[in-house]
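Top to bottom, those sequences are chains Z and F.
For the first sequence, our numbering gives the first residue as 2, with consecutive numbering after it.
For the second sequence, our numbering gives the first residue as 2, with consecutive numbering after it.
The beta carbon of each residue, even a glycine, is placed where N, CA and C say it ideally should be.
2 protein chains.
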Amino acid sequence: MDVKLGVLAGDTRAVARAITWVENGDPRGAEVIHGVYASTGRAYIVGLTGSPGAGKSTLVSRLAALLAARGQKVGILAVDPSSPFSGGAILGDRVRMFDVALTRHVYIRSMGTRGSLGGLNRATRMAARILDAAGFDWILVETVGAGQSQVDVHDVAYTTAVVMAPGMGDDIQAMKAGIMEIGDLFIINKADRDGADRTATQVESVLQLSMTTGWNPPVLKVSAELNTGIESVVDTIERHRAHLVASGKLDALKIRMAKLDVLEILKARLADTMKQQLDQPAVQAELEKVASKQSDPYSLADIIFEQSWRNT
Amino acid sequence: MDVKLGVLAGDTRAVARAITWVENGDPRGAEVIHGVYASTGRAYIVGLTGSPGAGKSTLVSRLAALLAARGQKVGILAVDPSSPFSGGAILGDRVRMFDVALTRHVYIRSMGTRGSLGGLNRATRMAARILDAAGFDWILVETVGAGQSQVDVHDVAYTTAVVMAPGMGDDIQAMKAGIMEIGDLFIINKADRDGADRTATQVESVLQLSMTTGWNPPVLKVSAELNTGIESVVDTIERHRAHLVASGKLDALKIRMAKLDVLEILKARLADTMKQQLDQPAVQAELEKVASKQSDPYSLADIIFEQSWRNT
């Protein structure tokens, strides 16, 4: 199988293999990205973030089902930093939420740490590019809340939805500490339960304190479980998308995404290079000096940095 | 206040300020580390990891109280990637677990993300160095399980304890996926509850499958809540420490720690340098090419890497 051609043809086995490569830092992943990148840029990427228990995964499945029913191809990246697994094996329950007829419009992939910390952010970014090149119209990236994940969904998506459930006081706390700024819309899930109105009011009152720049983040009440309000979420995302296009912000966002892509790739590459550097015999002697306190890590880092990094 | 001298004198306000600096990537943090590093190496660093709900924080508090009662100075670094906060303010409940007479022997510091992903690992490493230089005999580093945190406790501590509670089947799953290898001892907390024996047996049977190199990780049953079995934990840590010293492994570990310290510092420094690089006007034009798909992020990363990194 030529994976690059497979991705471009929308073959999900090729997509799965390419994502595994970028997860593992396999050079073939870089090759695929290189080969398919010109075909990216069509997909619309939506991030959904929120605390465990907010019902994100059910909501994401409902959104995907609705979009698929409208003839759209939907890729889901379920980022789970607590899982050492990735792939599709553990997603059986979610797949069962879709009509059989729709499953071929929806691709779900869980992104785990695979034992290596730090690579999840890069892998998720690149997985989104691969799905984009494979012709998916929508990419839904699902993560736990800010700081709990190694993936900052705001840096991956064009539209970010913050998902909450009634009575989750922590969320309001979290909002004050930064999650408020990243939400383009706020979704109160489980809106059939007590306290949904109160939570919505709380969110709205916090929102009123913040500066807006042409877009006022709506607060929506939905029930993913009962499948109510899902259309309003899609409508709001579409409205936000239209706002980004009309204001020219989408182009700016795309340049920012390109920059973050490059940054993640460079970080991974430099981390590898430095690990090799630190394994060199000459450096070993210096490390022993640090261990025996004749030197210190900042001084040794200075030396390596000066030797390796060209002033530009 | 001269923070460096304050740290060396064991002043906790100086310690707190220095840790805040390293958390924020403030250059004054690097200066302090540089100035105090020669005074490090005395403290014994113990990592305690496990799923939320295993009762880690109560256990760590009990351990600290026991050690403090023996006249030892104990620093606790409670790593919480889900919290945007750091410092000491939210730790009131835990402090109340200590006798007033002991509190001056124990210093607790929570390490949060402070809104920036990725810096937590470096900050935790450097906070341990600062506590070490400040004369703490023991440093207890508490984190959530592998992959859930951005901090791999095994890379920070000489002895790593994996903490579990009865009936937490997930833990046994997690063990198979890697946590098993990092445990120098396994603590079944809440051992007064049903299922403790079964969990202990499960852990022991998984352990029997793994290779040992001179140290067989013990499985201990304790109750942090009831304050039983805590002495056995300290005894086991002391035995493991003696094993590391006698086998020469502690020296090797210290060189490894020095290497990881340098690596974390270099990674932070290079990430900063690259961010600046990507903000340069010449690079802007290249980023626009990536955004408009005339180029791709791997190709641009290649160019920047070749221009910036000296082949050594």
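Cβ of residue i within 7 Å of any chain Z Cβ
| i | result |
| --- | --- |
| L121(F) | no |
| I266(F) | yes |
| M165(F) | no |
| V291(F) | yes |
| V80(F) | no |
| H35(F) | yes |
| A66(F) | no |
| I256(F) | yes |
| K57(F) | no |
| K222(F) | no |
| L271(F) | yes |
| A108(F) | It should be pointed out that residue 108(F) corresponds to Tyr in this sequence rather than to Ala. No, its Cβ sits nowhere closer than 7 Å to a Cβ of chain Z. |
Residue i and residue j closer than 7 Å at C-beta
| i | j | result |
| --- | --- | --- |
| N228(F) | R63(F) | yes |
| A19(Z) | I131(Z) | yes |
| Q73(Z) | D133(Z) | no |
| T104(F) | M112(F) | no |
| R315(F) | A269(F) | As displayed, chain F neither begins before 2 nor continues past 313, which places residue 315(F) out of reach and without an answer. |
| A129(F) | I46(F) | yes |
| A55(Z) | M165(Z) | yes |
| V75(F) | V33(F) | no |
| Y159(F) | L254(F) | yes |
| L271(F) | L271(Z) | yes |
| T200(Z) | G184(Z) | no |
| A283(F) | I256(Z) | no |
| R311(F) | S233(Z) | no |
| V4(F) | A15(F) | yes |
Proximal residues to residue i (C-beta, below 6 Å), its chain only, five neighbours per side dropped
| i | result |
| --- | --- |
| G30(Z) | W22, V23 |
| G316(Z) | Lying before the first or after the last residue shown, residue 316(Z) is absent from chain Z, which here runs from 2 to 313. |
| L279(Z) | none |
CA nearest to the CA of residue i, picked from the options
| i | options | result |
| --- | --- | --- |
| G249(Z) | P28(Z), T214(Z), A135(Z), D81(Z) | T214(Z) |
| A39(Z) | K294(F), T237(F), A302(F) | K294(F) |
| L267(Z) | V154(F), A286(F), E307(F) | E307(F) |
| G7(Z) | G36(Z), D27(Z), N25(Z), P28(Z) | G36(Z) |
| E226(F) | E265(F), A55(F), T59(F) | T59(F) |
| P53(Z) | V145(Z), Q278(Z), L245(Z) | V145(Z) |
| Q277(Z) | L264(F), K276(F), G120(F), M275(F) | L264(F) |
| A192(Z) | I231(Z), T161(Z), D185(Z), G184(Z) | I231(Z) |
| V163(Z) | V223(Z), R257(Z), A17(Z) | V223(Z) |
| P298(F) | D153(Z), M127(Z), Q285(Z) | M127(Z) |
is_contact[residue i, chain F] using C-beta, thresh 7 Å
| i | result |
| --- | --- |
| S211(Z) | no |
| S309(Z) | yes |
| E24(Z) | no |
| V234(Z) | no |
| V263(Z) | yes |
| M275(Z) | yes |
| I91(Z) | With a pLDDT of only 48 at I91(Z), under the threshold of 50, the placement of this residue in the model should not be trusted, and no figure is reported. |
| K260(Z) | yes |
| G42(Z) | yes |
| D297(Z) | yes |
| L288(Z) | yes |
| T313(Z) | Low confidence applies to T313(Z): its pLDDT is 49, below 50, so where it sits in the model is not reliable enough to give any reading. |
| K250(Z) | no |
Endpoints, the alpha helix (DSSP H) within which residue i is located
| i | result |
| --- | --- |
| S40(F) | First-last for S40(F): undefined, no H or E at that position. |
| E143(F) | That residue, E143(F), is in no alpha helix (DSSP H); its beta strand (DSSP E) goes 139-145. |
| K294(F) | First-last for K294(F): undefined, no H or E at that position. |
| R130(F) | 121-134 |
| T237(F) | 231-247 |
| L301(Z) | 298-309 |
| I20(F) | 13-25 |
Endpoints, the beta strand (DSSP E) within which residue i is located
| i | result |
| --- | --- |
| T59(Z) | Note, T59(Z): premise wrong, no beta strand (DSSP E); alpha helix (DSSP H) at 57-70. |
| M258(Z) | Taken as a continuous stretch (DSSP letters only), M258(Z) belongs to no beta strand (DSSP E), being part of the alpha helix (DSSP H) at 250-279. |
| K222(F) | 220-222 |
| I46(Z) | 45-51 |
| T160(F) | 160-165 |
| R110(F) | 107-112 |
| V80(F) | 75-80 |
Beta-carbon contacts of residue i that lie in its chain and below 8 Å, excluding the five residues immediately before and after
| i | result |
| --- | --- |
| L208(F) | M181, F187, N217, P218, V220 |
| S296(F) | E287, K290 |
| A90(F) | Residue confidence is low: A90(F) scores 44 on pLDDT, short of 50, so the model does not pin down where it sits. No coordinate-derived value is stated. |
| D303(F) | none |
Same chain, Cβ closer than 7 Å to residue i, five either side skipped, listed in chain order
| i | result |
| --- | --- |
| V61(F) | L49, I77, L141, E143 |
| R240(Z) | none |
| D156(Z) | L261 |
Distance cut-off 6 Å: residue i Cβ against heavy atoms of the ligand ZN
| i | result |
| --- | --- |
| L121(Z) | Ligands are entirely absent from the displayed structure, and the ligand ZN is therefore not among its contents. |
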